[in-house]
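Structure first, commentary second.
Protein chains: 2
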Amino acid sequence: MESLVSLWDQYSSLSSQSNIISFSLGIPNNHILNQSRKLVKTALKKIVKNFRANTEILSYAQPQGLNSLLKTLQDQYSSKGKSGFIVTQGAQQALSIIFQTFIKPQNIVLIENQNYIGLQKTINNQQGRIKCFSQPLNQISIPTLKSNIKKIKPKIIYLNPDFSNPTGNTLTLEKRQILVELADKYSFIILEDQTYRSLVYKPKSQLPSIKQLYPPTIAVNTVSKIIAPGLRIGWINTPPKHLDLLISQKKATDLFTTPITQLMLNYILEHQSLYQHHLKKIRRHYQSKMSILLKSLKKYFPTTYTWNLPQGGFFVWVKGPKSLDSKKLFHQAIKNNVAFMPGFIFSYQNSSQNTFRLSISHISKNKIKIGVKKLAQTISS
Amino acid sequence: MESLVSLWDQYSSLSSQSNIISFSLGIPNNHILNQSRKLVKTALKKIVKNFRANTEILSYAQPQGLNSLLKTLQDQYSSKGKSGFIVTQGAQQALSIIFQTFIKPQNIVLIENQNYIGLQKTINNQQGRIKCFSQPLNQISIPTLKSNIKKIKPKIIYLNPDFSNPTGNTLTLEKRQILVELADKYSFIILEDQTYRSLVYKPKSQLPSIKQLYPPTIAVNTVSKIIAPGLRIGWINTPPKHLDLLISQKKATDLFTTPITQLMLNYILEHQSLYQHHLKKIRRHYQSKMSILLKSLKKYFPTTYTWNLPQGGFFVWVKGPKSLDSKKLFHQAIKNNVAFMPGFIFSYQNSSQNTFRLSISHISKNKIKIGVKKLAQTISS
């Protein structure tokens, strides 16, 4: 099987010609970057001003993270039950450290078929095995879910319950609770990826995270989607019993995370009113683009196509008729100057041929409607 | 076997009480940090000033490293033969990425017995095996060296030929050349750790690196010892044939290295006169402290003790009589308010009981003589 990352690279570069209206990429556009620039520059100026006092910038630091940032994370991100934090170079490193710590050869990581492509190599590195639920989690029946787990005996179940990449789906509260019960019964680790969680459109109605429901969960988070991927800061939120093992793995990986960016993030998180203001703006931006996308799909797309209604983040998952080959559609769409990501790129079972992902992250607001119209034209021709 | 890192942590914390004159630590002292602070702050101020132009700070960047820094490294650090660079989070990550890329279960990494403790876990993670040369490389005979390699069949030989941690030794030109011939004959990879190479006291008489002698070598370098470990920037210098594999491993590890620190380093390296001035100061600082240490050892230490005469870096390796137990000596020395690192902490064969490492990195200049005197008193009592 060709690696998903290399497939991604191929389709991503095809989508990146300047004349193409692209629903392909999950990277922030200039509007978002300008928002983040203010925040990050403010933090950086403060650090330059206090340069002599910030002695951590230059020397060795502890592998777990700077104490100041660890305290802030503890204050702002810990849920009930004792937990410990480890600061990492983004969520990808957090995942890589967790798999290196827990996955021995032949251990199974159970995931949804349509998933983040960055899991593949880091699990393969450990000679772990990746297995998929027999259906997407929002469609699977409780008995099938149970029999899946009983049969597959996973060491880890990886979940991205909020607006996940690539589907944008939210896992129901019922399914969260059942997975928690099963984790307790069958002693697997739940690894919860919270990468997109803060991009919720209506924070007040957000479901509790799995970590909140079940403290033994190991959670991974990052500020890449809400502040800037270039900060390269994420973290692991773990029950204390795993802390030493994970820290020693972090140390073997790269000794410690860049201190200056830890200080920058800490400054931002400590200035909550500034930060909350920023968060609101980012959320509103994505929500309004998502709303335009969903309206346009309804208006222009044939009735044989269906899609979900994401409650946060920037991905919509479109399903065409069984006959659809979204790889072929992609190449036709490119000729018509519009791009998306074919579903098979995200499929760990080399399936999902009749699906594709639309992202509103990089596209500018005023191009969404015309992009969907072009895509609908390509579909009907 | 207890992990070397955890032994290190124990002895390091015992050595760190404020009243102790410590030859234990390899971390920079305030004198060095003050030198580096000027350099780093200048770079950072420039980045704040051009913040809007430095678009790489915020968004995703390519896994290999920022083009500007890659070009600078290519200009300043490439030796004859084509080579490619990958920017990493320090040398530890560079090593970890290389072992993850090349070491499959049961593959052997051949090293000197007294060595950098950070190798152990990252090789064990791959279920690789660590084997040691039967003698230190500066003592081993050519026939024994050859038969070692023929018998052990290493996949990788890890070498730290310049002022290595912990011994401070320099590998002779003859041994470098023979290892290169053997690499060619037996097809193992030479992994050259250049961490301390720039800390040479007399740059004009420095031996060529193994990478310079033999372009198929994979070299690892870092600015942790010459600018600041807190920058977390190192790199891999590899023959082009390994480049894609190593980049894909870097991507799985943490996507890409923190851009702001890459920009800072690039600024420093681009301002060569500033940087060379800094380098000279750092080298002179260590050289003068080393000179005091060696004079003091000669003056105060019993004739049953021997040590090497390092040509760079900050470590001296002391060998006592066979009866010496440097672990016991350590605990006696601590009572006498002086500390060093017992040799067994660095030994991959759980040997080296009659040796210890003295470091001039953290100690202030005016404490070296009195520290050696105290240590000599402890030895004779």
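Going down the list, the protein sequences come from chains L and E.
FYI, the numbering for the first sequence is 1 to 381, going by the working numbering.
FYI, the numbering for the second sequence is 1 to 381, going by the working numbering.
Don't be surprised by glycine CBs; every beta carbon is placed ideally from N, CA and C.
**OP:** Would you check if the distance between the CB atom of residue 113(L) and the CB atom of residue 359(L) is smaller than 7 Å?
**Re:** In the first sequence, counting from the first residue as 1, residue 113(L) sits at position 113. In the first sequence, counting from the first residue as 1, residue 359(L) sits at position 359. No; because the gap between Cβ atoms is not below 7 Å, this pair is not in contact.
**OP:** For residue 44(E), go through chain L and note every residue whose CB falls closer than 9 Å to its CB, in chain order.
**Re:** For the purposes of this step, residue 44(E) is identified with residue 44 of the second sequence, where counting begins at 1. What residue 44(E) touches in chain L: 44, 47, 48, 51, 57 and 260.
**OP:** Verify whether the separation of the beta carbon atoms of residue 90(E) and residue 313(E) is less than 7 Å.
**Re:** Within the second sequence, residue 90(E) is the residue found at index 90, counting from 1. Within the second sequence, residue 313(E) is the residue found at index 313, counting from 1. The answer is no: Cβ separation not under 7 Å.
Original post:
Candidates 202(L), 156(L), 111(L) and 193(L): which alpha carbon is nearest residue 184(L)'s?
Top reply: As a first step, residue 184(L) must be located in the first sequence, where it is residue number 184. Comparing alpha carbon positions, the residue from 202(L), 156(L), 111(L) and 193(L) closest to residue 184(L) is 156(L).
**OP:** Give the range of the alpha helix (DSSP H) segment to which residue 7(L) is assigned.
**Re:** For the purposes of this step, residue 7(L) is identified with residue 7 of the first sequence, where counting begins at 1. DSSP places residue 7(L) in the uninterrupted alpha helix (DSSP H) bounded by 4-15.
Original post:
Nearest chain E C-beta to residue 225(L) closer than 7 Å, yes or no?
Top reply: Translated into the one-based positions of the first sequence, residue 225(L) becomes position 225. By this cut-off, residue 225(L) is not an interface position.
Subject >> Within-7 Å CB hit, residue 195(L) to chain E >> reply: Looking up residue 195(L) in the first sequence gives position 195. Using beta-carbon distances, residue 195(L) does not count as an interface residue toward chain E, since no partner is under 7 Å.
Subject >> Alpha-carbon to alpha-carbon, residue 95(L) and residue 152(E) >> reply: By one-based count along the second sequence, residue 152(E) stands at place 152. By one-based count along the first sequence, residue 95(L) stands at place 95. Their Cα atoms are separated by approximately 35 Å.
Original post:
Between the beta-carbon of residue 271(E) and the beta-carbon of residue 25(E), is there less than 7 Å?
Top reply: The count along the second sequence starts at 1 and reaches residue 271(E) at position 271. The count along the second sequence starts at 1 and reaches residue 25(E) at position 25. The beta carbons of residue 271(E) and residue 25(E) sit no closer together than 7 Å.
Original post:
If we count the other Cβ atoms within 10 Å of its Cβ and call it buried at 16 or more, is residue 321(L) buried or exposed?
Top reply: For the purposes of this step, residue 321(L) is taken as residue 321 along the first sequence, with counting starting at 1. Looking at its Cβ environment, which holds fewer than 16 other Cβ atoms inside 10 Å, residue 321(L) is exposed.
Subject >> Cβ-based neighbour list, residue 63(L), same chain, cut-off 7 Å, excluding 5 preceding and 5 following >> reply: Residue numbering aside, residue 63(L) sits at position 63 when the first sequence is read from its first letter. Within its own chain, the residues whose Cβ lies closer than 7 Å to the Cβ of residue 63(L), once the five positions on either side in sequence are excluded, are 247, 250, 251, 255 and 256, listed in chain order.
Original post:
Tell me, which residues are paired with residue 339(E) by DSSP?
Top reply: The count along the second sequence starts at 1 and reaches residue 339(E) at position 339. Paired residue(s): 22(E).
Original post:
Using 8 Å as the Cβ pair cut-off and three pairs as the minimum, do the region 55-72 of chain L and the region 261-268 of chain L touch?
Top reply: A contact exists between the region 55-72 of chain L and the region 261-268 of chain L.
Original post:
Of all the CB atoms in chain E, is at least one closer than 7 Å to the CB of residue 254(L)?
Top reply: On the first sequence, residue 254(L) is found 254 positions in, with the first residue counted as 1. In terms of beta-carbon proximity, residue 254(L) lines the interface with chain E, with at least one pair separated by less than 7 Å.
Original post:
Would residue 192(L) be called buried (16 or more neighbouring beta carbons within 10 Å of its own) or exposed?
Top reply: Residue mapping note: residue 192(L) aligns to position 192 of the first sequence, counting from 1. Flag for residue 192(L) reads buried.
**OP:** Give the residues from the region 17-30 of chain E that approach chain L closer than 8 Å (Cβ to any Cβ), ordered along the chain.
**Re:** Under the 8 Å Cβ criterion, the region 17-30 of chain E contributes 27 and 28.
Subject >> For residue 83(E), the nearest candidate out of 352(E), 309(E), 238(E) and 372(E) (CA to CA) >> reply: Here the question's residue 83(E) lines up with position 83 in the second sequence. Comparing Cα positions, the closest option is 238(E).
Original post:
Given that residue 230(L) touches chain E, what residues does it touch there, using C-beta distances under 8 Å?
Top reply: Here residue 230(L) corresponds to residue number 230 of the first sequence, with the count starting at 1. Within chain E, the residues near residue 230(L) are 56, 57, 58, 59, 60, 61, 258, 259 and 260.
Original post:
What does DSSP give as the partner residues of residue 131(E) in its beta bridges?
Top reply: Taking the first residue of the second sequence as position 1, residue 131(E) is located at position 131. Answer by DSSP bridge pairing, in chain order: 110(E).
Original post:
Does the region 331-338 of chain E come close enough to the region 294-302 of chain E that 3 or more CB-CB pairs lie under 8 Å?
Top reply: The answer is no - the region 331-338 of chain E does not touch the region 294-302 of chain E, with fewer than three Cβ pairs under 8 Å.
**OP:** Give the DSSP-derived three-state secondary structure of residue 230(E) in the structure shown.
**Re:** Here residue 230(E) corresponds to residue number 230 of the second sequence, with the count starting at 1. Of the three classes helix, strand and coil, the one that applies to residue 230(E) here is helix, per DSSP.
Subject >> Proximity test, Cβ basis, 7 Å: residue 104(E) and chain L >> reply: Here residue 104(E) is taken as the residue at index 104 of the second sequence, counted from 1. At a cut-off of 7 Å between beta carbons, residue 104(E) makes no contact with chain L.
**OP:** Classify residue 84(L) as helix, strand or coil using the three-state DSSP reduction.
**Re:** Here residue 84(L) corresponds to residue number 84 of the first sequence, with the count starting at 1. If DSSP states are grouped into helix, strand and coil, residue 84(L) belongs with the strands.
**OP:** Using the DSSP secondary-structure output, state which residues sit across from residue 415(E) in a beta bridge.
**Re:** As shown, chain E starts at 1 and ends at 381. That puts residue 415(E) outside it, with no answer to give.
Original post:
Alpha carbon to alpha carbon, how far is residue 32(E) from residue 284(E)?
Top reply: Residue mapping note: residue 32(E) aligns to position 32 of the second sequence, counting from 1. Residue mapping note: residue 284(E) aligns to position 284 of the second sequence, counting from 1. Rounded to the nearest angstrom, the two C-alpha atoms are 11 Å apart.
**OP:** Compare the C-alpha of residue 224(E) against each of 15(E), 309(E), 261(E) and 86(E) and name the closest.
**Re:** As a first step, residue 224(E) must be located in the second sequence, where it is residue number 224. Checking every option, the nearest Cα to that of residue 224(E) belongs to 261(E).
**OP:** Can you give me the Cβ contacts of residue 134(E) inside the same chain, cut-off strictly under 8 Å, excluding the 5 residues immediately before and after it?
**Re:** Position 134 of the second sequence holds residue 134(E). Closer than 8 Å at the Cβ level, and outside the excluded window around residue 134(E), lie 140, 144 and 148.
**OP:** Measuring only between beta-carbons, confirm whether residue 33(E) sits less than 7 Å from chain L.
**Re:** Numbered from its first residue, the second sequence carries residue 33(E) at position 33. Taking Cβ atoms only, chain L reaches closer than 7 Å to residue 33(E), which makes this a yes.
Subject >> Supposed close pair residue 35(L), residue 282(L) - CB separation, criterion 8 Å >> reply: Position 35 of the first sequence, counted from the start, is the residue given in the question as residue 35(L). Position 282 of the first sequence, counted from the start, is the residue given in the question as residue 282(L). Indeed, because the Cβ distance is near 6 Å, the residues count as touching under 8 Å.
Original post:
Does DSSP classify residue 356(L) as helix, strand or coil?
Top reply: Taking the first sequence and counting its residues from 1, the one referred to as residue 356(L) is at position 356. Three-state result, residue 356(L): strand.
Original post:
For residue 347(L), which residues does DSSP report across the bridge?
Top reply: Looking up residue 347(L) in the first sequence gives position 347. Its beta-bridge partners are 114(L).
Subject >> Cut-off 8 Å between Cβ atoms - residues of its own chain near residue 120(E), not counting five sequence neighbours on either side >> reply: Here residue 120(E) refers to the residue found at position 120 of the second sequence. Excluding residues within five positions, the ones whose Cβ falls inside 8 Å are 3, 4, 5, 130 and 348.
Original post:
Is residue 125(L) close to chain E, meaning its C-beta is less than 7 Å from at least one C-beta of that chain?
Top reply: The count along the first sequence starts at 1 and reaches residue 125(L) at position 125. Yes, residue 125(L) lies at the interface with chain E (some Cβ there is under 7 Å from its Cβ).
Subject >> residue 197(L) to residue 49(L) span [Cα, whole Å] >> reply: Start at 1 with the first residue of the first sequence, and residue 197(L) comes out as number 197. Start at 1 with the first residue of the first sequence, and residue 49(L) comes out as number 49. Roughly 33 Å between the two C-alpha positions.
**OP:** Kindly indicate which three-state DSSP category residue 225(L) falls into: helix, strand or coil?
**Re:** In the first sequence, the residue the question calls residue 225(L) occupies position 225. It is coil, neither helix nor strand.
Subject >> Assigned secondary structure, residue 186(E) (DSSP; H/G/I helix, E/B strand, else coil) >> reply: Here residue 186(E) is taken as the residue at index 186 of the second sequence, counted from 1. Helix at residue 186(E).
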